[in-house]
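Residue numbers (this note's numbering), protein chains in the order written: chain A, 19 to 154; chain B, 14 to 153.
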């Protein structure tokens, strides 16, 4: 299927994790534009004030300062112009409450960050294959 | 992958047979339940023929005659015990209205149906994806 490249917004406060996502994208030849917000407040500001082009995909961390991932998701889902964006959680949080809250707010997937970078690359490859099936 | 029931809504026998074959070939052990339309699916989710435990994954072929997929997803999203189900919409034709309505209901993916021989690849990608994601534990 011919895919137009959708924009992706990464909401992540940890600079090392941001770098890892960028590296995993590069290793998997993912060429979509990737924008980064450091927390939920910043992400909402970027989305609502058109600081970034509207993404079709958001990759979301859970534990972040100012506004965490779940709080951000609630705001996103209540915002008419943003609520249909596909959200993929990527986090180290293995808390069942985070999974329940995230799925109740209809994330497309909840992915635990693997401990090794190799495994992370492989998870991102799987994600890329899945995205290639989807129309966003 | 989590040992969850999967509900597949498809009113074509061919579609069902292909899904069964792909699951067998790929060694997917999850129990696959079939519904012919949205009414039957709703009955299996919230009616007299309720599947237990509630499936965490629902696949629906949306552009079939006699299947009101949007209505079903709407009901799922409005139901406290069902709203978290991951919904994968499959379609064989372009239908912008259905696509946009489905995305507004926060489905996990809007997917074009594979042409015959791509079927295994198609389910393989989906299965790999289901394997990298986490699920919440069963509702008590």
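Every residue gets a Cβ at the ideal spot worked out from N, C-alpha and C, and that includes glycine.
Being a predicted model, the structure only gives us computed values, none of them experimental.
For residue i, the nearest candidate out of the options (CA to CA)
i: residue 147 of chain B; options: A:127, A:87, A:41; result: A:127
i: residue 54 of chain A; options: A:41, A:29, A:37, A:35; result: A:29
i: residue 80 of chain A; options: A:146, A:142, A:139, A:125; result: A:125
i: residue 150 of chain B; options: A:32, A:136, A:114; result: A:114
i: residue 82 of chain B; options: B:114, B:93, B:92; result: B:114
i: residue 130 of chain A; options: A:150, A:153, A:106, A:152; result: A:106
i: residue 132 of chain A; options: A:110, A:118, A:152, A:45; result: A:110
i: residue 59 of chain A; options: A:43, A:24, A:89, A:34; result: A:89
i: residue 121 of chain A; options: A:104, A:136, A:137; result: A:104
i: residue 135 of chain B; options: B:27, B:26, B:32, B:23; result: B:32
i: residue 143 of chain B; options: B:116, B:64, B:39; result: B:39
i: residue 119 of chain A; options: A:87, A:49, A:150; result: A:87
i: residue 57 of chain A; options: A:83, A:67, A:97; result: A:83
i: residue 93 of chain B; options: B:80, B:58, B:79; result: B:58
i: residue 87 of chain B; options: B:76, B:117, B:35; result: B:117
i: residue 98 of chain A; options: A:36, A:32, A:62, A:45; result: A:62
i: residue 123 of chain B; options: B:76, B:80, B:60; result: B:76
i: residue 101 of chain A; options: A:112, A:85, A:73; result: A:73
i: residue 65 of chain B; options: B:44, B:91, B:52; result: B:44
i: residue 80 of chain B; options: B:50, B:60, B:56; result: B:50
Residues that DSSP places opposite residue i in a beta bridge
i: residue 28 of chain A; result: A:54, A:77
i: residue 108 of chain A; result: A:129
i: residue 21 of chain B; result: B:47, B:72
i: residue 146 of chain B; result: A:129
Nonlocal neighbours in the same chain, by C-beta distance under 8 Å from residue i, ignoring five residues either side
i: residue 64 of chain A; result: 27, 53, 55, 70
i: residue 121 of chain B; result: 99, 100, 101
i: residue 29 of chain B; result: 21, 23, 47
i: residue 133 of chain B; result: 35, 38, 39
Sequence-distant residues of the same chain with beta carbon closer than 6 Å to residue i, five excluded per side
i: residue 89 of chain B; result: 95, 98
i: residue 123 of chain A; result: 91, 95
i: residue 19 of chain A; result: For residue 19 of chain A, the predicted model reports a pLDDT of 42, less than 50, meaning its position is unreliable; a value from the coordinates is still stated below. Once the five neighbours on either side are set aside, residue 19 of chain A has no close Cβ partner at all.
i: residue 111 of chain B; result: 75
i: residue 140 of chain B; result: 39, 41
Chain-ordered neighbours of residue i on chain C, where CB pairs are closer than 9 Å
i: residue 45 of chain A; result: This model lacks chain C altogether, as its protein chains are A and B.
Proximal residues to residue i (C-beta, below 7 Å), its chain only, five neighbours per side dropped
i: residue 34 of chain B; result: none
i: residue 46 of chain A; result: 139, 142, 143, 146
i: residue 135 of chain A; result: 38
Contact test: residue i Cβ vs the ligand FAD heavy atom, cutoff 6 Å
i: residue 150 of chain B; result: The model depicted lacks the ligand FAD and carries no ligand whatsoever.
* Cβ contact (3+ pairs, closer than 8 Å) linking the segment 52–71 of chain B and the segment 17–35 of chain B -> Contact between the segment 52–71 of chain B and the segment 17–35 of chain B is established, with three or more Cβ pairs separated by less than 8 Å.
* Asked: Should the segment 98–113 of chain B be regarded as contacting the segment 72–88 of chain B, the criterion being three or more beta carbon pairs within less than 8 Å?
  -> Touching, per the Cβ criterion.
* Asked: Counting only runs that start and end within the segment 64–133 of chain B, where is the beta strand (DSSP E) found for 3 or more residues in a row?
  -> Listed in chain order, the complete beta strand (DSSP E) runs (minimum 3 residues) inside the segment 64–133 of chain B are 70–74, 99–104, 122–125.
* Counting Cβ pairs, one atom from each stretch, are 3 or more of them under 8 Å apart for the segment 104–113 of chain B and the segment 142–150 of chain A? -> Contact between the segment 104–113 of chain B and the segment 142–150 of chain A is absent, because fewer than three Cβ pairs lie under 8 Å.
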